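Step one of this worksheet: look at the structure below.
4 protein chains.
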Amino acid sequence: MNKKLKVGIIGAGRIGKVHTTSITNYMPHVEIKAISDVNFKAAEETAKNFGIPCVYEDHKKILSDPEIEAVLICSSTETHSPISIEAALAGKHIFCEKPIDHDLEKIKEVLEVVKKAKVKYQVGFNRRFDHNFKAIKSAVDQGKIGDVHIVKITSRDPEAPPIEYVESSGGIFLDMTIHDFDMARYLTGSEVTEVFAVGNCLVNPEIGQAGDVDTAIITLKFANGALAVIDNSRRAEYGYDQRAEVFGSKGSVAVLNDTLSSAVISTKEGIISEKPLYFFLERYMNSFVDEMSQFVAAIINDTEPPVNAEDGLKAVLIGIAAKKSLAEGKPVKISEI
Amino acid sequence: MNKKLKVGIIGAGRIGKVHTTSITNYMPHVEIKAISDVNFKAAEETAKNFGIPCVYEDHKKILSDPEIEAVLICSSTETHSPISIEAALAGKHIFCEKPIDHDLEKIKEVLEVVKKAKVKYQVGFNRRFDHNFKAIKSAVDQGKIGDVHIVKITSRDPEAPPIEYVESSGGIFLDMTIHDFDMARYLTGSEVTEVFAVGNCLVNPEIGQAGDVDTAIITLKFANGALAVIDNSRRAEYGYDQRAEVFGSKGSVAVLNDTLSSAVISTKEGIISEKPLYFFLERYMNSFVDEMSQFVAAIINDTEPPVNAEDGLKAVLIGIAAKKSLAEGKPVKISEI
Amino acid sequence: MNKKLKVGIIGAGRIGKVHTTSITNYMPHVEIKAISDVNFKAAEETAKNFGIPCVYEDHKKILSDPEIEAVLICSSTETHSPISIEAALAGKHIFCEKPIDHDLEKIKEVLEVVKKAKVKYQVGFNRRFDHNFKAIKSAVDQGKIGDVHIVKITSRDPEAPPIEYVESSGGIFLDMTIHDFDMARYLTGSEVTEVFAVGNCLVNPEIGQAGDVDTAIITLKFANGALAVIDNSRRAEYGYDQRAEVFGSKGSVAVLNDTLSSAVISTKEGIISEKPLYFFLERYMNSFVDEMSQFVAAIINDTEPPVNAEDGLKAVLIGIAAKKSLAEGKPVKISEI
Amino acid sequence: MNKKLKVGIIGAGRIGKVHTTSITNYMPHVEIKAISDVNFKAAEETAKNFGIPCVYEDHKKILSDPEIEAVLICSSTETHSPISIEAALAGKHIFCEKPIDHDLEKIKEVLEVVKKAKVKYQVGFNRRFDHNFKAIKSAVDQGKIGDVHIVKITSRDPEAPPIEYVESSGGIFLDMTIHDFDMARYLTGSEVTEVFAVGNCLVNPEIGQAGDVDTAIITLKFANGALAVIDNSRRAEYGYDQRAEVFGSKGSVAVLNDTLSSAVISTKEGIISEKPLYFFLERYMNSFVDEMSQFVAAIINDTEPPVNAEDGLKAVLIGIAAKKSLAEGKPVKISEI
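Protein chains in written order, with this note's numbering: chain A, 65 to 401; chain B, 65 to 401; chain C, 65 to 401; chain D, 65 to 401.
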């Protein structure tokens, strides 16, 4: 590997910096040649901190650099699909943050263009690369729990996002549960056929005024007969709650939250252990590194990326079905969408 | 308390013996004066083992004994409601195993007769008296987790019952989930307004042929805005899985399974701890004793029993709604039933 | 088993009542015919509560009752050995609380008399019958952890006893650690050859003034090469801490404390689980029942009791060696005592 | 921080590579200018992998480079003290792997030279920087458990080292337990006054033939009255066992092992969780990074390093006392050494 793989990063926000850090620290064979952000100052600062040579306001400058082989789309959600298309047409391999789009038609267009352009396309479902979820998946794949009967996913945020964010987020199912939908597909190894969602606004009434719910339970039926249930809350006072269990014909496998240490303090007040790691940056840092390594490996080895555009589409499909189910108060078949 | 409370036990099967044992070992102020069973030999044997003076084939002989103040109805399900009515008319206080009946009208009739007869009526939802579930309830009642948002109940049996049993059981929702429905009401302190059930036959195809499912997820909506989800399986290879979690505005409280010991064996093979206590007799023995003590206390102190006929009715109502939901593939409002 | 085994209880204090309760609730084939206490009122009250027909101030009246086959010596420590001898000479089977005596010569005399009288003699090392310690022992005996290399026992009381008690207790090693010495012998299945004790008075200076320590670490060497360490404190603020671990050539087995429930409350303050069961009555109740059942079984089946007078002697021997080691600041060989 | 801190690494073995990796990945403000190893090829390979410009066989070339401000001594144990002295005389700041030497006089000489040269000197007791041990220390320092009464450290390796290593290791106490001695000092915040060690050869008879033990329990007395116990084994079949507990006047704090994931698999065979991370490279990687960051920070900010030469001396002192105690079969006062 004499020549370094040159990449460009589009979007210098929180998640853009996460990937910049991963590549800088762990991927000596990758060079971040350029970074862009509509907020030029943000891009400039990150470039300075990480020694990135080229900084742009306009991501098109990255796309037109022939040395750059791959781009990471870390810009705001509504730009994901148009930039995906531009990048594919420019012949770049693409890592795109989730969701590809809120609009199914636009995602399908991305899929088509990507397919024709024969570029790699990976979607940022980072949780698949988390040590705990990999351990569940591995136990399932090794047949340790037999056929999958029931999947349970608990996914609760430590605090609700600002109302402005909620308003443009596409709703809890497309913003938050989308990770869980992907996880349910990943763990069952099967496709969702029907979705039923109940939800309520119990955390913050403003979320309800913004037309969304903050507490939800979603039931999924799968083609292989498995059933799944996801429960979400926008605010768990004790922190980011990310657990899952797969139950099958031979037993079950479950994972708990991660903590900073295993310290248990025993006093008059009780036996006290640590709260979960605060939020996704703390909890999932290892997974961000791993997903990026595997994206890079897929390019270098010319293999299929581990999470592709199709996966990105499927999760949005389920999210839209969940939204419809909540609105209509009845189960919705994926085939209806 | 000079005079002992005299009781009669109707039904000398498994659960009849459980209550006989509890009273004999822990309630010196209660005397089991009579026991009856349509299988006279079974009644005779239990009578001999526990020193019960009167043994009958016909439970009516118990009801006509003026010394007997209370009866325990531990006979087969279809006899629960008729014997309840007879016993109430005979002026006996009644402890009745769940469910009171599969037929709502018959339960309502029991309620009416019991009300008129002014006798105590307790239904055998023993799990409310279990140390773990009491601990959850206590944390909720003390406001430790704030307002209830989400209740999650896992309830899986160690092995499926015989097919003959399945056929007459009223289906998984009335036979097995009924305990979980009661628990969900108990933990939320609110009434169910809507039920949605999905289910499948994944454990044993014969259960499907008998018209039932063996794997199910049931979502409940409550009047106070809380949501609940129950997952059931007729067979968990690792044993009787009885866990619950209540999540609220200030945090959550969860309970795990009980084991015979806390022993953890660490070897090359891994870190191995004990499987759950085998089944309900092992797991819930303490709760059977406690529910009986409280029934006795309600009679002696002339107070309302902790689980009454209304509770018995409500759980069946939810069970019937779940059955309908599964059959029709859509959520069912309790008000529709 | 037509005829009931008749027993007499000598001492109506806390532990006397524990055994009275166990026999009454769980051993229908045993009849407590008599109870005695130097405090006659105490004996009378217990007799009334449990329906014991004969009550005495003088235990000799129990010993002279030919119908009584076995006695439970639950009186104060200094009376254990003289009453043991009287009872053996009277041909009664004996269950004696620990320690048999603080004086080795007196214990040896008991052993001799018991041997000649051919009566059963069981010492009250109840922890051997606890569900957790039985699970460790069972794992060791089944070879799951291979040869025993290291035994670790943590034994801490929830609060220090009154100073008057400390003064007459024989010191921490004969009063408290004696249970742990027996446990170490039981778990290794080998005999102690050398003892080294360090101790300090860190909990309550009055204990130091009474000539004792309240915090100690005792190291034991065993004939089979195994090593053991016991740590004691007279006061653990979080409650009765009773854990053990056996480490061997193939792995380890460890047990934790018991709690009232498995409830875990997660809030802003942390993840909080329950403190250990308060003290020995709460923690070890199951073991008291089991040891008594096995004593009764040994009489009925004419087999050797599971913990005999020799075991009682050995534990005191180690305790005396520990006392000497602490006093002299050097290891003490058991053969020196 | 415009100018990078230039360092040289002496020794390109396993631990030399660990530090090289930490600096490369996490310390952009530090430049590894040179690396040396008596095995030149090893140095050359590491230099190539990490882009280190200067490679030497002779560490003196590093010491004579005026640009290099600090050196990391990662060479074999017997070279630690002579190179420490040379480096101090050359005016370099020094990070030295443990132990500084097996000979107390040589360590004292290092201390003197370092003091005169006014260079920073940090010893590689990495475990102080581990997330779990930091959590214990933090709880103790915050007074959460009150005054320290008892410290318990379990430290067991997953497999015994080769016999050749054992022979030159200085024995288990100077090679393996030395980390635990440092940890005990760190956690109590007090100095050891007396040591008593028992040990046996139970894992591998060849270790005994080499004059060492492979299983040991060491009791420590501290100046502040606290007591500590360490148990060691050269082989735990289930893996690297690194736990600790501090018990005090207000409660206790304990830490468990780290695992790759929190996955728990429940099947017929039992409830199985993961074994500890394999060995020190896996378990303590985070601590190696952190200790190096703090060494660098101490240089840049001109502050005292968190673990100094005095700490290095004290741990060896305790190790020598433990060795003497084991040989003589009696407790040894630190003041005797």
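Cβ coordinates follow ideal geometry from the N, Cα and C atoms, glycine included.
Note that the structure is a prediction, hence the values are computed from the model and not measured.
Rounded C-alpha distance that separates residue i from residue j
| i | j | result |
| --- | --- | --- |
| residue 260 (chain B) | residue 166 (chain B) | 19 Å |
| residue 304 (chain A) | residue 338 (chain A) | 12 Å |
| residue 385 (chain D) | residue 238 (chain D) | 10 Å |
| residue 293 (chain B) | residue 80 (chain B) | 31 Å |
| residue 65 (chain B) | residue 89 (chain C) | With a pLDDT of 42 at residue 65 (chain B), under the threshold of 50, the predicted position of this residue should be treated as unreliable, though the coordinate-derived value follows. Distance between the alpha carbons of residue 65 (chain B) and residue 89 (chain C) is about 19 Å. |
| residue 312 (chain B) | residue 94 (chain D) | 48 Å |
| residue 272 (chain D) | residue 235 (chain D) | 11 Å |
| residue 342 (chain B) | residue 191 (chain B) | 16 Å |
| residue 114 (chain B) | residue 73 (chain B) | 12 Å |
| residue 300 (chain A) | residue 397 (chain B) | 29 Å |
| residue 370 (chain C) | residue 207 (chain A) | 45 Å |
| residue 132 (chain D) | residue 111 (chain D) | 16 Å |
| residue 361 (chain B) | residue 188 (chain B) | 15 Å |
| residue 127 (chain D) | residue 175 (chain D) | 19 Å |
Among the options, the one whose alpha carbon lies nearest that of residue i
| i | options | result |
| --- | --- | --- |
| residue 173 (chain B) | B:245, B:185, B:149 and B:248 | B:149 |
| residue 75 (chain A) | A:192, A:272 and A:143 | A:143 |
| residue 211 (chain B) | B:171, B:331 and B:253 | B:253 |
| residue 346 (chain C) | C:321, C:333 and C:170 | C:321 |
| residue 77 (chain B) | B:70, B:97, B:91 and B:161 | B:161 |
| residue 266 (chain D) | C:289, C:277 and C:265 | C:289 |
| residue 307 (chain D) | D:324, D:159 and D:218 | D:218 |
| residue 67 (chain A) | A:223, A:374, A:364 and A:394 | A:364 |
| residue 147 (chain B) | B:168, B:178, B:118 and B:231 | B:178 |
| residue 164 (chain D) | D:380, D:401 and D:395 | D:380 |
Nearest-angstrom beta carbon gap, residue j and residue i [assumed within contact, 8 Å]
| i | j | result |
| --- | --- | --- |
| residue 241 (chain D) | residue 286 (chain D) | Incorrect: roughly 16 Å between the Cβ atoms, too far for contact. |
| residue 359 (chain A) | residue 82 (chain A) | Wrong, their Cβ atoms sit about 13 Å apart, outside the cutoff. |
| residue 372 (chain A) | residue 185 (chain A) | 6 Å |
| residue 99 (chain C) | residue 116 (chain C) | 5 Å |
| residue 248 (chain A) | residue 284 (chain A) | 6 Å |
| residue 152 (chain C) | residue 134 (chain C) | The pair is not a contact, with the Cβ atoms about 11 Å apart (cut-off 8 Å). |
C-beta neighbour in chain C for residue i, strict 9 Å
| i | result |
| --- | --- |
| residue 192 (chain D) | no |
| residue 220 (chain D) | yes |
| residue 305 (chain D) | yes |
| residue 249 (chain D) | no |
| residue 90 (chain B) | yes |
Chain D contact for residue i (CB, 9 Å cutoff)
| i | result |
| --- | --- |
| residue 208 (chain A) | yes |
| residue 211 (chain C) | yes |
| residue 65 (chain A) | For residue 65 (chain A), the predicted structure reports a pLDDT of 42, less than 50, and the residue's modelled location is therefore unreliable. A value from the coordinates is still provided. By this cut-off, residue 65 (chain A) is not an interface position. |
C-beta neighbour in chain A for residue i, strict 9 Å
| i | result |
| --- | --- |
| residue 214 (chain B) | yes |
| residue 167 (chain B) | no |
Cβ of residue i within 9 Å of any chain B Cβ
| i | result |
| --- | --- |
| residue 117 (chain A) | no |
| residue 74 (chain C) | no |
Note down, in chain order, all residues in the stretch 307 to 338 of chain A with a beta-carbon under 8 Å from any beta-carbon belonging to chain D. 314, 315, 316, 317, 318, 319, 320, 321, 322, 324, 325, 326, 327, 328, 329, 330, 331, 332 and 338
Closer than 9 Å between beta carbons: that is the criterion. Which residues of the stretch 282 to 303 of chain B meet it against chain D? For the stretch 282 to 303 of chain B, the residues whose beta carbon sits under 9 Å from a beta carbon of chain D are, in order, 300, 301, 302 and 303.
When you check each C-beta in the stretch 257 to 279 of chain C against every C-beta of chain D, which residues fall closer than 7 Å? Result list: 260, 262, 264, 266 and 279.
Near-chain D residues of the stretch 224 to 235 of chain C - C-beta to any C-beta below 8 Å: none
Determine which residues of the stretch 177 to 206 of chain B have a Cβ less than 9 Å from any Cβ of chain C, and write them out in chain order. 194, 195, 196, 197, 198, 199, 200, 202 and 203
Give, in chain order, every residue of the stretch 385 to 401 of chain D whose Cβ lies closer than 9 Å to some Cβ of chain C. 393, 394 and 395
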